[in-house]
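Remarks on the structure that follows.
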DNA sequence: CGGTATCCACCGGGATACTG
DNA sequence: CAGTATCCCGGTGGATACCG
C-alpha cells in the first residue's frame, strides 16, 4: 500500500446504488463536465488541461481527473520518463457520457432563458399562485 | 499615487452564465432529481413529498422545492385555507427537464455496470497504464 | 399542515508552498 | 512536469425544536 494519499476516496458510502446519482455525482461537480468536454476534443496532458481550465488549482485538477479515471470515464496514461509525462483521454464509456452531456447541454441552451425568466419573476415576488 | 489594487473580489452571483452548469446545479443536489421524478408522476402536496422521500428533513425539503420553483421547474400552489395546503406540480419546463433526466437515467442504467467495474479495477490498484 | 429558527458536522473547493 | 502537503472557508445537508 502506498503511504501517500491525495484524498480521492469514496470507498465506503452506499455508492453505486442509484446509477443516475452516480453519474451526477461523477460529473455534477465544478470541473467534471469541462474536463470531459476538453478530453472529448483530444487527448491532453496534465498541464494542457490546467491551462485550459482557468482558475482551477492543481489539487482540484488532480482530484477531478483521478475521480473521473476511477469511474472509468477517462484513462490516465503515465510515461515513465523524466521529467514525468501523464496523458488523459476519454474512454469509450467517457465518449458515451459526453454524448449524453451534449444532449443535456443542447436542452439547457434551448431553455435556460426560461430558467432565467422564472428566477426574475420569483425574485420579484411573483412566486406563489393561489387558485 | 494610488497603490496597487490587484484584488478584484468577484461578486458572487455568476449564476446563469453557463446553461448546463445551471441545470446541474439545480437538480444535481441530493434530492432534486427525486423531487422532479415524483412530481412527474402526479401533483403532490408537501407532506406527500415528505413521506415519499425517506430521510429528508423538512428544512431540506422546503429548500429543495423552493429552489426548483425559483428555477421554474415546478410550481407552488398555495390554498389560503386553514389548516394550510400547498401543492407542487411540474411546469412545462419541468416536464421537459424530466425527459432529459429520463434519457440520462436510461444511459446510466445501461452503463453503470461499467462504472462499478472500473472502480473495482481502480480500487484494486490496476489504475494507470504505461504504454 | 407546512413550514421557520438554530445549531452543527462534513465535504467540496481553493490558496499557497513544497517535491521526486 | 505532475503532482503532494497543509491550512482554510463557505455551503449543503441534517437534527431538533418551535410556530401561525
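Protein chains in written order, with our numbering: chain A, 81 to 211; chain B, 81 to 211.
Glycine included, C-beta positions come from ideal geometry on N, C-alpha and C.
Min CB distance residue i to chain A below 8 Å
i	result
residue 83 of chain B	Confidence at residue 83 of chain B is low in this model, with a pLDDT of 34, below 50, so its placement is unreliable and the value that follows should be read with caution. It does not; no Cβ of chain A falls within 8 Å.
residue 96 of chain B	yes
residue 108 of chain B	yes
residue 173 of chain B	yes
residue 176 of chain B	yes
residue 165 of chain B	no
Chain A residues whose Cβ lies nearer than 7 Å to that of residue i
i	result
residue 100 of chain B	113, 184, 185, 188
Below-8 Å beta-carbon distance, residue i vs any chain B residue
i	result
residue 169 of chain A	no
Neighbouring residues, chain A, relative to residue i (Cβ below 8 Å)
i	result
residue 196 of chain B	96
residue 180 of chain B	183, 184, 187
Proximal chain B residues relative to residue i, where beta-carbon distance stays under 8 Å
i	result
residue 150 of chain A	198, 199, 202, 203, 207
Within chain B, the residues that residue i reaches when beta carbons sit closer than 9 Å
i	result
residue 119 of chain A	The premise fails here: residue 119 of chain A is roughly 15 Å from chain B at the closest Cβ pair, so nothing lies under 9 Å.
residue 103 of chain A	184, 185, 187, 188, 191, 192, 195
Under 8 Å between C-beta atoms of residue i and residue j
i	j	result
residue 119 of chain B	residue 169 of chain B	yes
residue 172 of chain B	residue 106 of chain B	no
residue 149 of chain B	residue 202 of chain A	yes
residue 184 of chain B	residue 180 of chain A	yes
residue 114 of chain A	residue 108 of chain B	no
residue 161 of chain A	residue 112 of chain A	no
residue 154 of chain A	residue 166 of chain A	no
residue 141 of chain B	residue 124 of chain B	no
residue 196 of chain A	residue 174 of chain B	no
residue 188 of chain B	residue 102 of chain A	yes
Residue i beta carbon near the ligand COA (any heavy atom closer than 7 Å)
i	result
residue 202 of chain A	What this structure holds is no ligand at all, so the ligand COA is not there to describe.
message: Runs of 4 residues minimum, wholly inside the region 90-128 of chain B: which ones carry the alpha helix (DSSP H) assignment?
response: 99-107, 112-121
Completely contained alpha helix (DSSP H) runs for the region 137-190 of chain A, where each covers 4 or more residues: 138-150
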